[in-house]
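**Q**
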Amino acid sequence: MAHNGETNFIGGHWRGDPQGETRPQHSPIDGSAIGLLCWSSRQAAVDAIAAARAAQPGWRKVSTWDRARTMRRIGDAITARRQELARLLTLEQGKPYAEAYFEIGKSVDGFNLAADLVKYLEGTTIPTEDPTKRVMTFYQPRGVYAVVTPWNFPVNIPVEYIAPGLAAGNGIVWTPAPTTSLVAMALVEAMEDADLPPGILNLVTGAGNVVGDEIVSNPGTDAVGFTGSAATGKIISQRAAGKPQLMELGGNGPVVILDDADLDRAAAATASGSFVNAGQVCSSSERILVHRKVYDAFAGRMAAAARAVVLGDPRKEGVTMGPLNNEGVARKVAEHVGDAVSRGATAIAGGKFPKGALSPLYFEPTVLTGVTRDAIINSEETFGPVAPLLVFDSDEEAFEIARDNRYGLVSSVFTQDIDRAFRYVEEMPTGIVNINDTSNYWELHIPFGGVSGKDSGTGRVGGRHALTAMCDLKTATFTVR
Numbered sequence: 325m326a327h328n329g330e331t332n333f334i335g336g337h338w339r340g341d342p343q344g345e346t347r348p349q350h351s352p353i354d355g356s357a358i359g360l361l362c363w364s365s366r367q368a369a370v371d372a373i374a375a376a377r378a379a380q381p382g383w384r385k386v387s388t389w390d391r392a393r394t395m396r397r398i399g400d401a402i403t404a405r406r407q408e409l410a411r412l413l414t415l416e417q418g419k420p421y422a423e424a425y426f427e428i429g430k431s432v433d434g435f436n437l438a439a440d441l442v443k444y445l446e447g448t449t450i451p452t453e454d455p456t457k458r459v460m461t462f463y464q465p466r467g468v469y470a471v472v473t474p475w476n477f478p479v480n481i482p483v484e485y486i487a488p489g490l491a492a493g494n495g496i497v498w499t500p501a502p503t504t505s506l507v508a509m510a511l512v513e514a515m516e517d518a519d520l521p522p523g524i525l526n527l528v529t530g531a532g533n534v535v536g537d538e539i540v541s542n543p544g545t546d547a548v549g550f551t552g553s554a555a556t557g558k559i560i561s562q563r564a565a566g567k568p569q570l571m572e573l574g575g576n577g578p579v580v581i582l583d584d585a586d587l588d589r590a591a592a593a594t595a596s597g598s599f600v601n602a603g604q605v606c607s608s609s610e611r612i613l614v615h616r617k618v619y620d621a622f623a624g625r626m627a628a629a630a631r632a633v634v635l636g637d638p639r640k641e642g643v644t645m646g647p648l649n650n651e652g653v654a655r656k657v658a659e660h661v662g663d664a665v666s667r668g669a670t671a672i673a674g675g676k677f678p679k680g681a682l683s684p685l686y687f688e689p690t691v692l693t694g695v696t697r698d699a700i701i702n703s704e705e706t707f708g709p710v711a712p713l714l715v716f717d718s719d720e721e722a723f724e725i726a727r728d729n730r731y732g733l734v735s736s737v738f739t740q741d742i743d744r745a746f747r748y749v750e751e752m753p754t755g756i757v758n759i760n761d762t763s764n765y766w767e768l769h770i771p772f773g774g775v776s777g778k779d780s781g782t783g784r785v786g787g788r789h790a791l792t793a794m795c796d797l798k799t800a801t802f803t804v805r
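Numbering (my numbering), first residue to last: 325 to 805.
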């Protein structure tokens, strides 16, 4: 990829921004410069919105079957570049190559799923009291979608919005996280290969509080899709007031290990939830509630799982965890661990930045015991490879601890009692409850989102749920004689 700062894709062309600033992009692996990125001005975002508005009316008139075929072509184009995209994803984001390769495959599945589902985006006919009336409903694209996405899954998460949005007939203006904008550009290049009509998809790189703010607040966009932190989500919600908003925000979901759990299975799944992608997942096992009867046995298994993680250069075979993505998240992880330890917790595995690492962004896979409820790690999203273990004595106490949190995205419960499992499904304050599996379990077609009244977002991504969310439901009435 050689764009020399021309990192905006607007109206079907790559371009820079004379009002912006070109900066080097650095890899979290070793700090090396890996490319140049344009930190664009608001004007570039305005231009992208204008391009999308000009192109979208024609795109919505393309037949559903032809839009589906385009989604399939995009999937094929990404497949042709899968290895290239995975290598760049690892280099820029920091996750191991195997995880990056898997993510690119899931993005292909996302476009193929959108191609399938849009063909069945069916309305209804509704019986009426008046015999002279006929009523029908159908779905229409909303118009131009502003999409703002994070760096932890910089290909798959954007596809959760872009694929259903395009399939439904919307135009897209996309602002990716600055630290993973090069792989976003590579994804757009692959989509170019699929002969996407110019202006339907536009990419604007730069700071979220500049270009991201412009695309969500500008009256030229009709709706917003955002995945990221709860704090940023609240700002976007205010700036985009009046527009439909599909938001997947933060998580600090509880994992509950009951006294009858299969501890080997529970520890393996929970460790995966804590350490995959260096814990930088909204559905990570961020606070782990363990029944007192099995606390010590479970803690020992978690410590062994942490010690089995191979931390290092994610480009190398056999490495299972790479660096954190950026200095901000590394600082927060260290602060959360330090706070927990200051309140009486003990790091029985990890707990620090290792000496001699390639960059300051590597943090050891960590297991904390004796974590207290007043620790910051119990109330805020850590977003790092840390497994904090809290103790409880009864189901009621577990429910109380689980509710003592402003997030409500995903939880996991490990038990061999089906009645108890159903009670936890009903009582856990999260939009998703996984029984006997990692909190990270999800498939593309399954609805994903938080529970009402919490800071984990609004609406659902996933399969037909995202497709219908990115459309307006229109009602038509006919009077007949």
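In this text, a Cβ means the ideal position worked out from N, Cα and C, and glycines have one as well. Just so you know, these numbers come straight off a predicted model, no measurement behind them.
(1) Compare the Cα-Cα distances from Lys-679 to each of Pro-712, Leu-635, Thr-670 and report the closest residue.
(2) Could you tell me which residues DSSP puts in a beta bridge with Glu-345?
(3) Expressed to the nearest angstrom, what Euclidean distance is found between the alpha-carbon atoms of Val-665 and Gly-674?
(4) Quick test of your reading: Val-483 and Val-540, contact by CB under 8 Å. State the CB separation rounded to the nearest angstrom.
(5) So what's Arg-406 in DSSP terms, helix, strand or just coil?
(6) Ignoring anything shorter than 4 residues, give me the alpha helix (DSSP H) runs that lie fully in the region 539-593, in order along the chain.
(7) Look up Phe-781 in the DSSP assignment and give the residues it is bridged to.
(8) Please list the terminal residues of the continuous alpha helix (DSSP H) segment that includes Thr-792.
(9) Examine the Cβ distances between the region 761-768 and the region 596-607 and report whether three or more of them are shorter than 8 Å.
(10) Assign Glu-453 to buried or exposed, taking buried as 16 or more other Cβ atoms, counted over all protein chains shown, within 10 Å of its Cβ.
(11) How many Å lie between Val-479 and Glu-427 at the Cα?
(12) Can you look up Pro-488 in the DSSP assignment and give me helix, strand or coil?
(13) Can you name the start and end residues of the beta strand (DSSP E) that Val-734 belongs to?
(14) Please say whether Pro-689 and Arg-631 have beta carbons closer to each other than 9 Å?
(15) I believe Tyr-731 touches Val-580 by the beta-carbon criterion, under 8 Å. Please report the beta-carbon distance rounded to the nearest angstrom.
(16) Name the residue from Pro-578, Ala-592, Val-661 whose alpha carbon lies nearest to the alpha carbon of Leu-613.
(17) Tell me which residues share the same chain as Phe-707 and place their Cβ nearer than 6 Å to its Cβ, disregarding the 5 neighbours each side in the sequence.
(18) Quick check: Leu-573 and Asp-637, are their CB atoms within less than 9 Å of each other?
(19) Could you pull the DSSP bridge partners for Thr-394 from this structure?
(20) Count the CB pairs spanning the region 494-501 and the region 438-457 that are closer than 8 Å, and state whether there are at least three.
(21) What does the Cβ neighbour count give for Gly-575, buried or exposed, with the cut at 16 atoms within 10 Å?
(22) Can you tell me whether DSSP reads His-769 as helix, strand or coil?
(23) At the level of alpha carbons, what is the spacing between Gly-668 and Thr-388?
(24) So the candidates are Ser-780, His-789, Ala-565; which of them puts its Cα closest to the Cα of Pro-771?
(25) Mark Pro-420 as exposed unless 16 or more other C-beta atoms lie within 10 angstroms of its C-beta, in which case mark it buried.
(26) Beta-carbon within less than 6 Å of Gly-329's beta-carbon, same chain only, minus the 5 sequence neighbours each way: which residues are those?
(27) Once DSSP output is grouped into helix, strand and coil, what is the label at Met-891?
(28) Grab me the residues of Ala-554's own chain with a C-beta within less than 6 Å of its C-beta, minus the 5 sequence neighbours each way, in chain order.
(29) For the candidate residues Leu-685, Cys-606, His-769, whose alpha-carbon lies nearest to that of Ala-438?
(30) Taking the straight line between their C-alpha atoms, what separation do you get for Phe-716 and Arg-616?
(31) For the alpha helix (DSSP H) that contains Lys-457, what are its first and last residues?
(32) Are Leu-587 and Gly-418 touching if we call contact CB-CB under 9 Å?
(33) Compute the distance between the beta-carbons of Ser-776 and Thr-754, then report whether it is under 9 Å.
(34) Kindly give me the distance between the Cβ atoms of Trp-383 and Pro-521, rounded to whole angstroms, as I take these residues to be in contact under 8 Å.
(35) Thinking C-beta only, is Ala-379 closer than 9 Å to Gly-335?
**A** Here's the rundown:
(1) Stepping through the sequence shown from its first residue, residue 679 is reached at position 355. When only C-alpha atoms are compared, the closest one is Leu-635.
(2) Start at 1 with the first residue of the sequence shown, and residue 345 comes out as number 21. According to DSSP, Glu-345 bridges with Trp-363.
(3) Reading the sequence shown from its first residue, position 341 is the one you call residue 665. Reading the sequence shown from its first residue, position 350 is the one you call residue 674. So the alpha carbons of these two residues sit roughly 12 Å apart.
(4) Against the sequence shown, residue 483 aligns to sequence position 159. Against the sequence shown, residue 540 aligns to sequence position 216. Not really, about 19 Å apart at Cβ, beyond 8 Å.
(5) One-based indexing of the sequence shown puts residue 406 at position 82. Looking at Arg-406 - three-state DSSP - the assignment turns out to be helix.
(6) 554-563
(7) For the purposes of this step, residue 781 is taken as the residue at position 457 of the sequence shown. For the record, residue 781 in the displayed sequence is Gly; it is not Phe. The partner list for Gly-781 (beta bridge, DSSP) reads Glu-572.
(8) Numbered from its first residue, the sequence shown carries residue 792 at position 468. Segment 787-793, the alpha helix (DSSP H) holding Thr-792.
(9) yes
(10) Taking the sequence shown and counting its residues from 1, the one referred to as residue 453 is at position 129. That one is exposed.
(11) Taking the first residue of the sequence shown as position 1, residue 479 is located at position 155. Taking the first residue of the sequence shown as position 1, residue 427 is located at position 103. Computed Cα separation, rounded: 7 Å.
(12) As a position in the sequence shown, residue 488 is number 164, starting the count at 1. Here Pro-488 sits in helix by DSSP.
(13) Here residue 734 corresponds to residue number 410 of the sequence shown, with the count starting at 1. Counting along the chain, the beta strand (DSSP E) containing Val-734 begins and ends at 734-738.
(14) Walking along the sequence shown from the start, residue 631 turns up at place 307. Walking along the sequence shown from the start, residue 689 turns up at place 365. A contact, by the Cβ cut-off of 9 Å.
(15) Sequence index remark: in the sequence shown, residue 731 carries index 407 (1-based). Sequence index remark: in the sequence shown, residue 580 carries index 256 (1-based). About 15 Å; that fails the 8 Å criterion.
(16) For the purposes of this step, residue 613 is taken as the residue at position 289 of the sequence shown. Of the candidates Pro-578, Ala-592, Val-661, the one whose C-alpha sits nearest the C-alpha of Leu-613 is Pro-578.
(17) Walking along the sequence shown from the start, residue 707 turns up at place 383. Around Phe-707: Gln-604, Val-653.
(18) Taking the sequence shown and counting its residues from 1, one reaches residue 573 at position 249. Taking the sequence shown and counting its residues from 1, one reaches residue 637 at position 313. Not a contact, by the Cβ cut-off of 9 Å.
(19) Start at 1 with the first residue of the sequence shown, and residue 394 comes out as number 70. Answer is none; Thr-394 lacks a bridge partner.
(20) no
(21) Position 251 of the sequence shown, counted from the first residue, corresponds to residue 575. With 16 or more other Cβ atoms within 10 Å, it is buried.
(22) Here residue 769 refers to the residue found at position 445 when the sequence shown is read from its first residue. Correct three-state label for His-769: coil.
(23) The residue you call residue 668 lines up with position 344 of the sequence shown. The residue you call residue 388 lines up with position 64 of the sequence shown. Approximately 59 Å, taken between the alpha carbons.
(24) As a position in the sequence shown, residue 771 is number 447, starting the count at 1. Per the Cα distances, His-789.
(25) In the sequence shown, counting from the first residue as 1, residue 420 sits at position 96. Pro-420 should be labelled buried.
(26) Residue 329 sits at position 5 when you count from the first residue of the sequence shown. Answer for Gly-329: Gly-340, Thr-346, Leu-360, Cys-362, listed in chain order.
(27) Coverage of the chain is limited to positions 325 through 805, which leaves residue 891 absent and any answer about it impossible.
(28) On the sequence shown, position 230 is the one that residue 554 refers to. Around Ala-554: Leu-573, Gly-574, Asp-779.
(29) In the sequence shown, counting from the first residue as 1, residue 438 sits at position 114. Ala-438 has its Cα closest to that of His-769, out of Leu-685, Cys-606, His-769.
(30) The count along the sequence shown starts at 1 and reaches residue 716 at position 392. The count along the sequence shown starts at 1 and reaches residue 616 at position 292. Spanning the two alpha carbons is a distance of roughly 6 Å.
(31) In the sequence shown, the residue the question calls residue 457 occupies position 133. No alpha helix (DSSP H) contains Lys-457, which is instead part of the beta strand (DSSP E) from 457-465.
(32) The residue you call residue 587 lines up with position 263 of the sequence shown. The residue you call residue 418 lines up with position 94 of the sequence shown. No; because the gap between Cβ atoms is not below 9 Å, this pair is not in contact.
(33) What you label residue 776 is simply residue 452 of the sequence shown in a count that begins at 1. What you label residue 754 is simply residue 430 of the sequence shown in a count that begins at 1. Going by C-beta atoms, Ser-776 is not nearer than 9 Å to Thr-754.
(34) Working through the sequence shown from its first residue, we reach residue 383 at position 59. Working through the sequence shown from its first residue, we reach residue 521 at position 197. Confirmed, Cβ separation roughly 6 Å.
(35) For the purposes of this step, residue 335 is identified with residue 11 of the sequence shown, where counting begins at 1. For the purposes of this step, residue 379 is identified with residue 55 of the sequence shown, where counting begins at 1. Yes, these two residues count as a Cβ contact at 9 Å.
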